[in-house]
Amino acid sequence: MSELGGRPCQLTVCRGCCCGKKKKVPGVDHKAQLARLSAIDDRSGRPVPVRTSKCLGICFQGNVVVVQPSQEGRAAGGRPVWLGQITDDALVEAIDDWISRGGPGLAPLPDALVDHVTSKDAKKPKKRKRPKNAKKAKKAKKERKKAERKAEKKAKKAAEAAGSKRDGGKKTTKDRKPKKAKKNGKAEKAEKNKRGGKKG
Ligand code: FES
Numbered sequence: 006m007s008e009l010g011g012r013p014c015q016l017t018v019c020r021g022c023c024c025g026k027k028k029k030v031p032g033v034d035h036k037a038q039l040a041r042l043s044a045i046d047d048r049s050g051r052p053v054p055v056r057t058s059k060c061l062g063i064c065f066q067g068n069v070v071v072v073q074p075s076q077e078g079r080a081a082g083g084r085p086v087w088l089g090q091i092t093d094d095a096l097v098e099a100i101d102d103w104i105s106r107g108g109p110g111l112a113p114l115p116d117a118l119v120d121h122v123t124s125k126d127a128k129k130p131k132k133r134k135r136p137k138n139a140k141k142a143k144k145a146k147k148e149r150k151k152a153e154r155k156a157e158k159k160a161k162k163a164a165e166a167a168g169s170k171r172d173g174g175k176k177t178t179k180d181r182k183p184k185k186a187k188k189n190g191k192a193e194k195a196e197k198n199k200r201g202g203k204k205g
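For the sequence shown, our numbering assigns the number 6 to the initial residue and increments by one for each residue that follows.
Right, here's the structure in full:
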């Protein structure tokens, strides 16, 4: 099969809910990127068909671009290559360079794209999660402490009650507050007189 007769490489450019959206993928001129991808020719000088698609299901990798092999590339074992985080002009240039050299199956993947190879099954890296049932455990701990405090209070009360029962409910001298010594005017006077008499 001649090179010119076969189907050229094709590009699928995701423009779904996240790819191509400034809010989700900031810092990229998405329109210009699509225009640049649409201007790529293959190694025979044929324009590479570009198809925009709805969400391809790996939004965390936006912008996603899939490079389909040419007919010749597929025959040589090339398969569609999913590229994620295409957010740099240099990466678009690398795609252009790759396709112009034959694309999947015919030319090695440029180094610049190696770290961007992904797949439709790529899993979003999980955020560090709080341990399961952390909320429940926290609540249970709080309740346990509350119950402990309650039990402590109860035990203290019971001990106090037992103590007062032992003493027949009467206050011991220990329990009694020291009374303020009443000023006894008469006694004081008598004491003074006594001392005065001794002197004289
Ligand atoms: S919008 Fe592109 S993968 Fe979801």
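Here a beta-carbon is modelled for each residue, glycine too, at the ideal position from N, C-alpha and C.
Whole-number beta carbon distance between residue j and residue i, since they are thought to touch under 8 angstroms
i: Leu-42; j: Val-122; result: Going by Cβ atoms, the distance from Leu-42 to Val-122 rounds to 17 angstroms, so no, they are not a contact pair.
i: Thr-17; j: Ser-58; result: 5 angstroms
i: Val-53; j: Gln-15; result: 6 angstroms
i: Leu-118; j: Leu-88; result: 6 angstroms
i: Ala-99; j: Pro-85; result: Their Cβ separation, rounded to whole angstroms, is 17 angstroms, which puts Ala-99 and Pro-85 out of contact at 8 angstroms.
i: Ala-152; j: Gln-66; result: In fact, because the Cβ distance is near 50 angstroms, the residues do not count as touching under 8 angstroms.
Which of helix, strand or coil DSSP assigns to residue i
i: Cys-64; result: helix
i: Val-69; result: coil
i: Leu-96; result: helix
i: Asp-46; result: strand
i: Leu-88; result: strand
i: Glu-8; result: Because Glu-8 sits at a pLDDT of 45, beneath the cut-off of 50, its placement in the model cannot be relied upon, and the point is left open.
First through last residue of the alpha helix (DSSP H) which encompasses residue i
i: Gln-15; result: It is not in any alpha helix (DSSP H) - Gln-15 instead sits in the beta strand (DSSP E) that spans 15-19.
i: Val-119; result: 116-119
i: Arg-79; result: 76-80
Residue i: first and last residue of the uninterrupted beta strand (DSSP E) it sits in
i: Val-55; result: 55-58
Quiz item: Would you call the stretch 54-63 and the stretch 12-31 touching, i.e. three or more CB-CB distances under 8 angstroms?
Solution: The stretch 54-63 vs the stretch 12-31: in contact.
Quiz item: Does the pairing of the stretch 33-49 with the stretch 102-116 give three or more beta-carbon distances under 8 angstroms?
Solution: Contact between the stretch 33-49 and the stretch 102-116 is present, because at least three Cβ pairs lie under 8 angstroms.
Self-check item: Contact between the stretch 66-83 and the stretch 106-120 (3+ Cβ pairs under 8 angstroms)
Solution: With the cut-off at 8 angstroms, the stretch 66-83 and the stretch 106-120 touch.
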